[in-house]
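**Q**
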Amino acid sequence: MGKDKEEFKKRMTETHGSEVADAFFGAIENPKLLQRVKEGTRAAAEEARKANKEKTRIVNRADLDPRLHGRTIVKENGDREILRKAKRK
Numbered sequence: 001m002g003k004d005k006e007e008f009k010k011r012m013t014e015t016h017g018s019e020v021a022d023a024f025f026g027a028i029e030n031p032k033l034l035q036r037v038k039e040g041t042r043a044a045a046e047e048a049r050k051a052n053k054e055k056t057r058i059v060n061r062a063d064l065d066p067r068l069h070g071r072t073i074v075k076e077n078g079d080r081e082i083l084r085k086a087k088r089k
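In terms of my numbering, the sequence shown is residues 1 to 89.
(1) Do the stretch 18 to 33 and the stretch 46 to 56 make contact, defined as three or more Cβ pairs closer than 8 angstroms?
(2) Mapping the DSSP letters down to three states, classify E76 as helix, strand or coil.
(3) So, I58 versus R42, is the Cβ gap smaller than 7 angstroms?
(4) Hey, could you find the ends of the beta strand (DSSP E) R61 is sitting in?
(5) Tell me which same chain residues have a C-beta within less than 6 angstroms of the C-beta of L68, skipping the five on either side of it?
(6) Going along the chain, which residues of its own chain have a beta-carbon closer than 8 angstroms to the beta-carbon of K61, five neighbours each way excluded?
(7) Roughly how many angstroms separate the alpha carbons of V37 and E14, rounded to a whole number?
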């Protein structure tokens with residue numbers, strides 16, 4: 001194990017306990033378990049992307065300060081707005 005991995009395992013053991021750290025590093029060394037972890041992570045990321053896409057809308061404003069172009073605002077209900085400076089025709 002490399003120096004970084006040893007440090008990471010040490011911190012993980014301190015934080016989560018030795019059982020969790022051993023299970024995590026056992027999964028990394030076993031290719032089948034590693035594949036399951038990757039697939040689960042990929043599926044969770046895709047699900048989160050879909051959920052966030054439904055809650056995000058782009059707002060075009062002509063009077064927007066150029067410094068605010070691309071800024072994301074999170075509303076109280078969790079919806080997100082991305083501010084864009086509207087182009088003049």
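Ideal Cβ placement from N, Cα and C applies to all residues, glycine included.
**A** On the basis of the data shown:
(1) no
(2) coil
(3) no
(4) T56 to R61
(5) L83
(6) Here residue 61 turns out to be Arg, not Lys, going by the sequence shown. Correct list, in chain order: L83, R84, K85 and A86.
(7) 22 angstroms
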